[in-house]
Amino acid sequence: MDLADLVSRAKHGDRGAFASLATQYIDRCYALAYRILRDRDRAQDATQQALLGAWRDLPTLREPERFEAWLHRLVVHACYVEARGTRRWNARFRIHPISDSTAPDPAHGVVDRAELEDAFARLTPEQRAVVVLHHHHGYPLTEIAGILGIPVGTARSRLFYAVRQLRTVLDADSVSVTPGERSA
Amino acid sequence: MTRFDDPLFDPRLADWLEEDPTMAPDQALDVVLASLPSIKQRRAVRVPWRNRDMSSTLRLGLAAAVVVAATLGGLYFLSSRTGPSVAAPETSPPAQSAPPSAAPSTPAASRTTFTSAQYGYTVEYPTPWSVVPATGAWTGDGFVGPEEPFVDRFFAPNSPTFVLIAALPRPEGATDDEFAMGYMQQVAERAPCAVPLDAWTDATGPAPARKSAEFECRGSPGVELIWIVGDTGYVMSGEPAVVDLMAESITVE
Chain A
1 MDLADLVSRA KHGDRGAFAS LATQYIDRCY ALAYRILRDR DRAQDATQQA LLGAWRDLPT
61 LREPERFEAW LHRLVVHACY VEARGTRRWN ARFRIHPISD STAPDPAHGV VDRAELEDAF
121 ARLTPEQRAV VVLHHHHGYP LTEIAGILGI PVGTARSRLF YAVRQLRTVL DADSVSVTPG
181 ERSA
Chain B
1001 MTRFDDPLFD PRLADWLEED PTMAPDQALD VVLASLPSIK QRRAVRVPWR NRDMSSTLRL
1061 GLAAAVVVAA TLGGLYFLSS RTGPSVAAPE TSPPAQSAPP SAAPSTPAAS RTTFTSAQYG
1121 YTVEYPTPWS VVPATGAWTG DGFVGPEEPF VDRFFAPNSP TFVLIAALPR PEGATDDEFA
1181 MGYMQQVAER APCAVPLDAW TDATGPAPAR KSAEFECRGS PGVELIWIVG DTGYVMSGEP
1241 AVVDLMAESI TVE
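Which chain is which? The protein sequence lines are A and B, in order.
So the first sequence is residues 1 to 184, counted in the numbering used here.
So the second sequence is residues 1001 to 1253, counted in the numbering used here.
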């Protein structure tokens, strides 16, 4: 059964069809939620809320082929609710094994990742969503605007300011740690 | 070299995001599937605004709404206007209750009171209509539409006609004008159903920053009404006659 059939059946109350959709998409929903929220429990909550909201509101979906984008919108909104529910950022400091061959210096890679975690935490949930949708899911800005229900210009400015803020924070951190590095 | 001129910055950002978990915990799916039987699906609202080719049922539904509007004086207001605007009534700001004299003497059954748990306002809507309350707060993202969970949605019976209400906290430091302009600029880029900036007019009345605009959406008329009470901005959008009707009765705690 293809996606359109599953969505059509689920729209008409077929729980089995929706279970198939949920099974198919839950990992992608969770991956998106985790990257925005940076917290496993809250990502799970947001994922569950989004999928239950999808079941409830599925009869209103006009374009079944847009199911995934529509579901992503629900996930992002659930993340906004989660993020604002606690206003607490899980400031975990994680050290990842170095596996990125493009990183010129392994030590630099570790620092980058820790710094990125910290810098990303300073973005608003709306900025994080655009960054994740663009840099992880690979959506173009027009598609992001459609998913989030915002003008393209707004999506563009959010991405611009988010990336600029990330770079600024990372630069400031590196300057504070190694003042001489900028002139190197 | 700084990150501003580091060509590897974007790939590093993507790599960093790539390393996060990609698998949902097993119990997440279990919770969703176990919860489905307890969640009722919404009814479909497939046609935006309303059809030009209305069935007799739709005509009756709309006629009922107009009768209610007429009862409350809205129809008089509409018919007495000289311009095309559907600006909100001059004598009754939405932040205040309609005067008792405006209330009909008998049609208690023709109006139902709704208090928004999400946004705290109270409004009267035509009794035959149904309401789907918002289940989340509007963050400023997304347009106020009939599919959005952050919107209180009022639907006519057996008809695609609707009215939508949502509210948004004032951004820190924003003036009333800036606050209102933020929304007007957003809907100016809405596709379809954009509302040009020059379509907005100031509505008279004591409520601050109150503006309205008529527009067309897929061939059918709609009206947007925005106003600010304290640090909250409200948006009401939908079928013009019923927006007028509901704007007369809305109160904010």
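Virtual Cβ for every residue (Gly too), placed ideally from N, Cα, C.
8 Å CB neighbourhood of residue 154 of chain A in its chain, flanking five on each side removed: 145
Chain B contact residues for residue 47 of chain A, given Cβ-Cβ distances below 7 Å: Result: 1024, 1028.
Cβ-based burial, residue 1126 of chain B [other Cβ within 10 Å; buried from 16]: Under this definition residue 1126 of chain B is a buried residue.
Pairwise C-alpha distance: residue 1158 of chain B and residue 1129 of chain B: 9 Å
Span of the beta strand (DSSP E) around residue 1234 of chain B: 1232 to 1238
Chain B within 8 Å of residue 30 of chain A, Cβ atoms only: yes
N- and C-terminal bounds of the alpha helix (DSSP H) containing residue 21 of chain A: 15 to 37
Counterpart residues of residue 1211 of chain B in DSSP-defined beta bridges: Its beta-bridge partners are B/1202, B/1226.
Contact with chain B by residue 81 of chain A, beta-carbon distance below 8 Å: yes
Nearest-angstrom Cα separation, counted from residue 78 of chain A out to residue 1196 of chain B: 31 Å
Contact with chain A by residue 1091 of chain B, beta-carbon distance below 8 Å: Caution applies to residue 1091 of chain B, whose pLDDT of 30 falls short of 50 and renders its modelled position unreliable; the model cannot decide the point.
Contacts of residue 1010 of chain B in chain A (Cβ-Cβ under 9 Å): 135, 163
Which listed residue (B/1173, B/1123, B/1233, B/1017) has its alpha carbon closest to that of residue 1245 of chain B: When the alpha-carbon of residue 1245 of chain B is set against those of B/1173, B/1123, B/1233, B/1017, the nearest one is in B/1123.
Extent of the continuous alpha helix (DSSP H) run through residue 1176 of chain B: 1176 to 1188 is the extent of the alpha helix (DSSP H) around residue 1176 of chain B.
Chain A contact for residue 1129 of chain B (CB, 8 Å cutoff): no
Cβ-based burial, residue 93 of chain A [other Cβ within 10 Å; buried from 16]: Below a pLDDT of 50, predicted positions are generally treated as unreliable, and residue 93 of chain A, at 29, falls in that range; no measurement from the model is reported.
Cβ of residue 126 of chain A within 8 Å of any chain B Cβ: At a cut-off of 8 Å between beta-carbon atoms, residue 126 of chain A makes contact with chain B.
Element boundaries [beta strand (DSSP E), containing residue 1113 of chain B]: 1111 to 1115
Residue 1148 of chain B - containing beta strand (DSSP E), residue span: That residue, residue 1148 of chain B, is in no beta strand (DSSP E); it is neither H nor E in DSSP.
Contact check, residue 1150 of chain B vs residue 1137 of chain B, beta carbons under 8 Å: yes
CA nearest to the CA of residue 1213 of chain B, picked from B/1027, B/1181, B/1014: B/1181
Those residues which DSSP pairs with residue 1217 of chain B across a bridge: Answer by DSSP bridge pairing, in chain order: B/1220.
Where the segment 1158 to 1169 of chain B meets chain A: residues whose CB sits under 8 Å from a CB there: none
Contacts around residue 20 of chain A, its chain only, beta-carbon distance under 7 Å, and the 5 residues preceding and following it disregarded: 6
Cβ neighbour criterion (16 or more within 10 Å) applied to residue 1192 of chain B: exposed
Chain-ordered chain B contacts of residue 66 of chain A [CB-CB under 9 Å]: Near residue 66 of chain A there are no residues of chain B at all, since even the closest Cβ is about 11 Å away, more than 9 Å.
Contact list for residue 1039 of chain B against chain C, beta-carbon separation under 8 Å: Any reference to chain C falls outside this structure, whose protein chains are A and B.
Where the alpha helix (DSSP H) containing residue 1032 of chain B begins and where it ends: 1026 to 1035
Alpha carbon of residue 3 of chain A to alpha carbon of residue 1042 of chain B, nearest angstrom: Annotation: residue 3 of chain A to residue 1042 of chain B spans about 21 Å, alpha carbon to alpha carbon.
Where residue 19 of chain A meets chain B, residues with beta-carbon distance less than 8 Å: Those within 8 Å of residue 19 of chain A in chain B are 1033, 1036.
Residue from B/1186, B/1115, B/1175, B/1176 whose Cα sits closest to the Cα of residue 1144 of chain B: B/1186
Closest residue to residue 67 of chain A among A/8, A/129, A/136 (Cα-Cα distance): A/8
Beta-carbon proximity check, residue 1168 of chain B vs residue 1238 of chain B, cutoff 8 Å: no
Distance between residue 1110 of chain B and residue 130 of chain A (C-alpha atoms, nearest Å): 45 Å
Per-residue contacts from residue 148 of chain A into chain B (C-beta, under 9 Å): Residues of chain B passing the Cβ test: 1141, 1142.
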